[in-house]
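Number of protein chains: 2
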Amino acid sequence: MGVVVSLGEARKNGQTAEGSLKPLLQLVSKDMEAINRLILDKAISDVDMIPELAHHLIDSGGKRLRPMMTIAASKLVGYQDNDHIRVASAVEFLHTATLLHDDVVDESNQRRGKQAARMIWGNQATVLVGDFLLGQAFLMLVEVGSLEVLRILSNAAAVIAEGEVMQLAAAKNTSTTEDEYLAIINSKTAALFAAAAESGAAIAERPAEERTALKSYGKNLGIAFQLVDDALDYAGDSEQLGKATGDDFREGKITLPLILAFRRGDENERAFWTRTIKEGKIEEGDFEKAAELMRSHDAIEATFERAASFGKVAHDAMEIFPQSEEKQALQEVITFCLQRRH
Amino acid sequence: MGVVVSLGEARKNGQTAEGSLKPLLQLVSKDMEAINRLILDKAISDVDMIPELAHHLIDSGGKRLRPMMTIAASKLVGYQDNDHIRVASAVEFLHTATLLHDDVVDESNQRRGKQAARMIWGNQATVLVGDFLLGQAFLMLVEVGSLEVLRILSNAAAVIAEGEVMQLAAAKNTSTTEDEYLAIINSKTAALFAAAAESGAAIAERPAEERTALKSYGKNLGIAFQLVDDALDYAGDSEQLGKATGDDFREGKITLPLILAFRRGDENERAFWTRTIKEGKIEEGDFEKAAELMRSHDAIEATFERAASFGKVAHDAMEIFPQSEEKQALQEVITFCLQRRH
Numbered sequence: 000m001g002v003v004v005s006l007g008e009a010r011k012n013g014q015t016a017e018g019s020l021k022p023l024l025q026l027v028s029k030d031m032e033a034i035n036r037l038i039l040d041k042a043i044s045d046v047d048m049i050p051e052l053a054h055h056l057i058d059s060g061g062k063r064l065r066p067m068m069t070i071a072a073s074k075l076v077g078y079q080d081n082d083h084i085r086v087a088s089a090v091e092f093l094h095t096a097t098l099l100h101d102d103v104v105d106e107s108n109q110r111r112g113k114q115a116a117r118m119i120w121g122n123q124a125t126v127l128v129g130d131f132l133l134g135q136a137f138l139m140l141v142e143v144g145s146l147e148v149l150r151i152l153s154n155a156a157a158v159i160a161e162g163e164v165m166q167l168a169a170a171k172n173t174s175t176t177e178d179e180y181l182a183i184i185n186s187k188t189a190a191l192f193a194a195a196a197e198s199g200a201a202i203a204e205r206p207a208e209e210r211t212a213l214k215s216y217g218k219n220l221g222i223a224f225q226l227v228d229d230a231l232d233y234a235g236d237s238e239q240l241g242k243a244t245g246d247d248f249r250e251g252k253i254t255l256p257l258i259l260a261f262r263r264g265d266e267n268e269r270a271f272w273t274r275t276i277k278e279g280k281i282e283e284g285d286f287e288k289a290a291e292l293m294r295s296h297d298a299i300e301a302t303f304e305r306a307a308s309f310g311k312v313a314h315d316a317m318e319i320f321p322q323s324e325e326k327q328a329l330q331e332v333i334t335f336c337l338q339r340r341h
Numbered sequence: 000m001g002v003v004v005s006l007g008e009a010r011k012n013g014q015t016a017e018g019s020l021k022p023l024l025q026l027v028s029k030d031m032e033a034i035n036r037l038i039l040d041k042a043i044s045d046v047d048m049i050p051e052l053a054h055h056l057i058d059s060g061g062k063r064l065r066p067m068m069t070i071a072a073s074k075l076v077g078y079q080d081n082d083h084i085r086v087a088s089a090v091e092f093l094h095t096a097t098l099l100h101d102d103v104v105d106e107s108n109q110r111r112g113k114q115a116a117r118m119i120w121g122n123q124a125t126v127l128v129g130d131f132l133l134g135q136a137f138l139m140l141v142e143v144g145s146l147e148v149l150r151i152l153s154n155a156a157a158v159i160a161e162g163e164v165m166q167l168a169a170a171k172n173t174s175t176t177e178d179e180y181l182a183i184i185n186s187k188t189a190a191l192f193a194a195a196a197e198s199g200a201a202i203a204e205r206p207a208e209e210r211t212a213l214k215s216y217g218k219n220l221g222i223a224f225q226l227v228d229d230a231l232d233y234a235g236d237s238e239q240l241g242k243a244t245g246d247d248f249r250e251g252k253i254t255l256p257l258i259l260a261f262r263r264g265d266e267n268e269r270a271f272w273t274r275t276i277k278e279g280k281i282e283e284g285d286f287e288k289a290a291e292l293m294r295s296h297d298a299i300e301a302t303f304e305r306a307a308s309f310g311k312v313a314h315d316a317m318e319i320f321p322q323s324e325e326k327q328a329l330q331e332v333i334t335f336c337l338q339r340r341h
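Here the protein sequences come in this chain order: A and B.
If you use numbering that gives the first Met the number 0, the first sequence corresponds to residues 0 to 341, in order.
If you use numbering that gives the first Met the number 0, the second sequence corresponds to residues 0 to 341, in order.
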């Protein structure tokens, strides 16, 4: 346990992704109740639309992985006080704000299987409620009073936005390199995982080596998380447990499976990707063909492998800490992120 | 000088709005150069689109009234250090971020006589660069290290967003009351003026009475500023110096001149406002008719009068401070805000 295993091995052992999340869930369950209360409390406003829209997303059953990172990290380093609740809530607000803005930017219709907020309340309110939640996140951090945590999270806010703009600039560009793509997800996804984990140590005023270890853990876990996300969007049919959505394909989003399939493909195949992704001309059966091309080039398997490799870096980053329940829980989350099928 | 005078009086005296801004401009000119340098520096990013889009707005010749408030307030209370530069720059970034998001929310085509950023770079990048600037603003404040200033400005960020949502909820509702409208502009406009001025005293760690005096000054000045804005959007033809744009009318935006004309009007007139504002059915000549109805009910003059009344509150809020160059400059700005014609 606690060791990163390949997909195949995990399946052989009959280990489920959910099983790897359990230790973390148990560790943080009490604190997560306090966080859920605080989040609902801070989404209150005299302006009715704000709590309505905020609750739509807050109640929609996200896993709350990021605040759980903060809580577990603070426990790992022996933090005894109560400010981790507010810091973790601020992390979730920051995440929620970026989701709201993302939905507007990506023109998404759905989020977590429900209608996206923007489809109910419109793009305008969605942008503004995102801004409101950002402001509330920083207010909570000010209440906590740690300038170091404020630095970590305001930096994350700027970096996430930078990553999103990078992604926008790379949109539909099928010749994006793997390195360029990694830079994008490092900013848009991994930065918040890194900040969430690092904050847990910063609040406890732990030495730099513990903070950087948790930061590195969070960053690499975040990259792995995003890569698995990318793979699952195409991998459904070939994976018994999952379901491909094809959203990325239909939106012409550049992700690693696509980058690999494009590079590994021949002239004809590149023409297919150019038509569907770059020019956005998608016909009946194109998604099935895309998934088939990816399989023929092992692009999905390679993406899972790359993710597993980042998972290993995350695992090793934690090794400076002595064995503990918290360390084990955080390392098992890596397995969860690699094996999850939704 | 330094006394709030009515529009008529000011005109008789041949006093120009620009003359009332001069003392403030002189007082802050050196610091504003430093702020301009810092702002350009902090808009730098490896992602090309970010500095391009940010500069479009930053260089577009806004008056920078808000950061000037911060600088003048800090000088007023005898602040000697250098952090006011970063705080004032953060205030301008916050303002710029809200302008970017506003343009997207209002679907504006123009801003300060130039194409709105969203017309060049699209709504998506505009939302995200706003987020980037917000993150950079908080990072600058973290560098300064005053939790009090961080509290003031993160609160302002949340309140501004709240005000914008309130405005959205009141959109096209011609029976919005004057009180409801004041609550909206108190949040969406006055909160940042208040925070900008209060920050100047907070950075100097001045006692509460000086901070609240500057906050009250900023708040009332901000309301006056917004009301004059509202009046100018309709008042052009009747005012030799200005030009009405009619933007608010065409967008169906509820502002005080409209609220007053609707309430003071008869059944026929209300039917006109319902058709044009609520239903958005605007025909040739409707704006001229709207402006004419407002004149017939003195709605523009009343809006200027209300603004002048808030200006007086702002003026008195400053009276606890002993006479000084700074105090006089800040009080004269009130006259500028009331008499400006653009």
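For glycine and all other residues, C-beta sits at the position ideal for the given N, C-alpha and C.
For residue j and residue i, believed in contact at Cβ under 8 Å, the rounded distance
{"i": "residue 276 of chain B", "j": "residue 257 of chain B", "result": "7 Å"}
{"i": "residue 127 of chain A", "j": "residue 90 of chain B", "result": "Not confirmed; about 20 Å, so no contact."}
{"i": "residue 201 of chain A", "j": "residue 145 of chain A", "result": "6 Å"}
Residues that residue i bridges to, as DSSP identifies them
{"i": "residue 123 of chain A", "result": "Answer is none; residue 123 of chain A lacks a bridge partner."}
{"i": "residue 79 of chain A", "result": "DSSP lists no partner for residue 79 of chain A."}
{"i": "residue 109 of chain A", "result": "A/114"}
Distance CB(residue i)-CB(residue j) smaller than 9 Å
{"i": "residue 85 of chain A", "j": "residue 165 of chain A", "result": "no"}
{"i": "residue 133 of chain A", "j": "residue 191 of chain A", "result": "no"}
{"i": "residue 152 of chain A", "j": "residue 149 of chain B", "result": "no"}
{"i": "residue 114 of chain A", "j": "residue 328 of chain A", "result": "no"}
{"i": "residue 212 of chain A", "j": "residue 320 of chain A", "result": "yes"}
{"i": "residue 195 of chain B", "j": "residue 299 of chain B", "result": "no"}
{"i": "residue 331 of chain B", "j": "residue 44 of chain B", "result": "no"}
{"i": "residue 302 of chain B", "j": "residue 230 of chain B", "result": "yes"}
{"i": "residue 335 of chain A", "j": "residue 289 of chain A", "result": "no"}
{"i": "residue 170 of chain B", "j": "residue 252 of chain B", "result": "yes"}
{"i": "residue 220 of chain B", "j": "residue 333 of chain B", "result": "yes"}
{"i": "residue 177 of chain B", "j": "residue 255 of chain B", "result": "yes"}
{"i": "residue 53 of chain B", "j": "residue 66 of chain B", "result": "no"}
{"i": "residue 203 of chain B", "j": "residue 312 of chain B", "result": "no"}
{"i": "residue 131 of chain B", "j": "residue 157 of chain A", "result": "yes"}
{"i": "residue 168 of chain A", "j": "residue 47 of chain B", "result": "yes"}
{"i": "residue 272 of chain B", "j": "residue 286 of chain B", "result": "no"}
{"i": "residue 122 of chain A", "j": "residue 122 of chain B", "result": "yes"}
{"i": "residue 39 of chain B", "j": "residue 99 of chain B", "result": "no"}
{"i": "residue 42 of chain A", "j": "residue 135 of chain A", "result": "yes"}
{"i": "residue 83 of chain B", "j": "residue 245 of chain B", "result": "no"}
{"i": "residue 61 of chain A", "j": "residue 117 of chain A", "result": "no"}
Per-residue DSSP class, three states only, for residue i
{"i": "residue 280 of chain A", "result": "coil"}
{"i": "residue 114 of chain B", "result": "strand"}
{"i": "residue 303 of chain A", "result": "helix"}
{"i": "residue 62 of chain B", "result": "coil"}
{"i": "residue 209 of chain B", "result": "helix"}
{"i": "residue 28 of chain B", "result": "helix"}
{"i": "residue 267 of chain B", "result": "helix"}
{"i": "residue 296 of chain B", "result": "coil"}
{"i": "residue 252 of chain A", "result": "coil"}
{"i": "residue 204 of chain A", "result": "coil"}
{"i": "residue 46 of chain A", "result": "coil"}
{"i": "residue 321 of chain B", "result": "coil"}
{"i": "residue 18 of chain A", "result": "helix"}
{"i": "residue 172 of chain A", "result": "coil"}
{"i": "residue 145 of chain A", "result": "coil"}
{"i": "residue 342 of chain B", "result": "No statement about residue 342 of chain B is possible, as the shown extent of chain B runs from 0 to 341 and does not include it."}
{"i": "residue 341 of chain B", "result": "coil"}
{"i": "residue 273 of chain B", "result": "helix"}
Beta-carbon neighbours of residue i, restricted to chain E and to distances below 8 Å
{"i": "residue 191 of chain A", "result": "The structure shown contains no chain E; the protein chains it does contain are A and B."}
When you check each C-beta in the region 110–143 of chain A against every C-beta of chain B, which residues fall closer than 7 Å? 123, 124, 126, 127, 128, 130, 131, 133, 134, 135, 137, 138 and 141
Any residues in the region 148–172 of chain B with a beta carbon nearer than 7 Å to a beta carbon of chain A? Which ones, in chain order? 149, 150, 153, 154, 156, 157, 160, 161, 163, 164, 165, 167 and 168
At a Cβ cut of 7 Å, what residues of the region 29–53 of chain B count as close to chain A, listed as they run along the chain? 44, 46, 48 and 49
Residues, ordered as in the chain, of the region 55–67 of chain A that lie near chain B by beta-carbon distance below 7 Å: none
Just by C-beta distance, which residues in the region 92–105 of chain B are closer than 7 Å to chain A? 100, 103 and 104
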